[in-house]
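*Asks:* I'd like to ask you about the structure that follows.
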Amino acid sequence: MPPSIWPRLRNHWRAQWKSHLGTLLLVVLVFVGVQAWQTRHVPTGPAPDLAFTLIQSDGSHVDATLADWRAQHPGQPVALHIWAEWCPICRTEEHSVTRLSRDWPVLTVAMQSGPPDAVARVLAKRELPWATAIDTRGALAQTLGFRAVPAFVVVDADGRLRSASVGYTSEIGMRLRLWWARLT
């Protein structure tokens, strides 16, 4: 840009900062409202004890419950990431979830993505080293209060559901929620 444009832009922003701040506030309020609406069915308090078939990172299958899985990570918050094989937004989060799972306990829930063998093939093909609960009909996700994917929720060290969201969640957003659950 020519040098003469910078002073005009600076003057415009100085004169209009209240308008821009108002627009930003409106965007934040809409975002918070949409998240509140999308997570309105997520129960408060203790996480329900879910029973599921678990595909472990080595590809083996075992029957498990959420309490069993959480017991492997005593005293720390864990993340539940609900995803679907057919979901394009879920695909964009895959690398973030994989990096997160290197530092934090993450249980992914494959909602309506097929039987255990089909999900195991997807995990292997995409090179996803996740512990994954199979949710063939979406019942686990619905028990957790989620009707859409991707979804993310933290189960704190006391077993309470916290910080639920639906839609794309950045890696830093996931990490901050787990960190906050550890602090409080």
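Just so you know, we're using this note's numbering here: the sequence shown kicks off at 7 and counts up by one.
Cβ coordinates follow ideal geometry from the N, Cα and C atoms, glycine included.
How many whole angstroms separate the CB atoms of residue 132 and residue 100, which I take to be in contact at a CB cut-off of 8 angstroms?
*Replies:* The residue you call residue 132 lines up with position 126 of the sequence shown. The residue you call residue 100 lines up with position 94 of the sequence shown. So it is a contact: roughly 6 angstroms between Cβ atoms.
*Asks:* When you compare each of 75, 182, 47 and 180 to residue 56 by their alpha carbons, which one comes out closest?
*Replies:* For the purposes of this step, residue 56 is taken as the residue at position 50 of the sequence shown. Of the listed residues, the one whose Cα sits closest to residue 56 is 75.
*Asks:* Apart from the five residues on each side of it in sequence, which residues of its chain come closer than 7 angstroms, Cβ to Cβ, to residue 155?
*Replies:* Counting from one through the sequence shown, the residue named residue 155 turns up at place 149. For residue 155, where only same-chain residues beyond five positions count, the Cβ hits under 7 angstroms are 88, 89, 90, 93, 96 and 117.
*Asks:* Going by Cα to Cα distance, which pick from 180, 187, 147 and 184 is closest to residue 58?
*Replies:* Locating residue 58 in the sequence shown gives position 52, counting from the first residue. Ranking 180, 187, 147 and 184 by Cα distance to residue 58 puts 147 first.
*Asks:* If distances are taken between C-alpha atoms only, which option among 32, 50, 43 and 69 comes closest to residue 168?
*Replies:* Reading the sequence shown from its first residue, position 162 is the one you call residue 168. Comparing Cα positions, the closest option is 50.
*Asks:* Just to confirm, is the Cβ distance from residue 113 to residue 84 under 8 angstroms?
*Replies:* Locating residue 113 in the sequence shown gives position 107, where the first residue counts as 1. Locating residue 84 in the sequence shown gives position 78, where the first residue counts as 1. Cβ distance < 8 angstroms, so residue 113 and residue 84 count as in contact.
*Asks:* The alpha helix (DSSP H) that contains residue 37, what's its start and end?
*Replies:* Taking the first residue of the sequence shown as 1, we reach residue 37 at position 31. Its alpha helix (DSSP H) spans residues 11-44.
*Asks:* First and last residue of the beta strand (DSSP E) that includes residue 89?
*Replies:* Within the sequence shown, residue 89 is the residue found at index 83, counting from 1. It spans 84-89 - the beta strand (DSSP E) in which residue 89 sits, taken as one unbroken run.
*Asks:* Is the shortest distance between the beta-carbon of residue 25 and the beta-carbons of chain D less than 8 angstroms?
*Replies:* Within the model displayed, chain D is absent; a lone protein chain is all it includes.
*Asks:* Identify which residue in 34, 64, 10 and 28 has its Cα closest to the Cα of residue 3.
*Replies:* This structure does not reach residue 3, given that the chain is present from 7 up to 190, and the question cannot be answered.
*Asks:* Quick check on the DSSP output: the beta strand (DSSP E) that includes residue 116 runs from which residue to which?
*Replies:* Your numbering for residue 116 matches position 110 in the sequence shown. Per DSSP, residue 116 belongs to the beta strand (DSSP E) from 112-117.
*Asks:* Using DSSP with H/G/I as helix, E/B as strand and the rest coil, what is residue 190?
*Replies:* Counting from one through the sequence shown, the residue named residue 190 turns up at place 184. Looking at residue 190 - three-state DSSP - the assignment turns out to be coil, as it is neither helix nor strand.
*Asks:* Compute the beta-carbon to beta-carbon distance between residue 150 and residue 54, rounded to the nearest angstrom, for a pair I have assumed lies under 8 angstroms.
*Replies:* The sequence position of residue 150 within the sequence shown is 144, counting from 1. The sequence position of residue 54 within the sequence shown is 48, counting from 1. Indeed they touch by this definition, with Cβ atoms about 7 angstroms apart.
*Asks:* First and last residue of the alpha helix (DSSP H) that includes residue 57?
*Replies:* Stepping through the sequence shown from its first residue, residue 57 is reached at position 51. That residue, residue 57, is in no alpha helix (DSSP H); its beta strand (DSSP E) goes 57-61.
*Asks:* What residue ranges within the stretch 97-179 form continuous beta strand (DSSP E) runs of no fewer than 3 residues, ordered along the chain?
*Replies:* With a minimum length of 3 residues, the continuous beta strand (DSSP E) runs that stay inside the stretch 97-179 are 112-117, 137-141, 157-161 and 167-172.
*Asks:* Spatial neighbours of residue 48 within its chain, please: C-beta separation below 8 angstroms, excluding the five flanking residues on both sides.
*Replies:* Reading the sequence shown from its first residue, position 42 is the one you call residue 48. Only 150, 151, 152, 159, 167 and 170 meet the Cβ criterion.
*Asks:* Hey, how far is the Cα of residue 110 from the Cα of residue 17?
*Replies:* Within the sequence shown, numbered from 1, the residue matching residue 110 stands at position 104. Within the sequence shown, numbered from 1, the residue matching residue 17 stands at position 11. C-alpha separation (whole angstroms): 47 angstroms.
*Asks:* For residue 163 and residue 82, which I take to be in contact (beta-carbon distance under 8 angstroms), what is that distance rounded to the nearest angstrom?
*Replies:* Here the question's residue 163 lines up with position 157 in the sequence shown. Here the question's residue 82 lines up with position 76 in the sequence shown. The Cβ separation is near 6 angstroms, so the contact holds.
*Asks:* Ordered along the chain, which non-local residues of its own chain (more than five positions away) have a Cβ less than 6 angstroms from that of residue 144?
*Replies:* The residue labelled residue 144 in the question sits at position 138 within the sequence shown. Cβ within range, chain order: 117 and 118.
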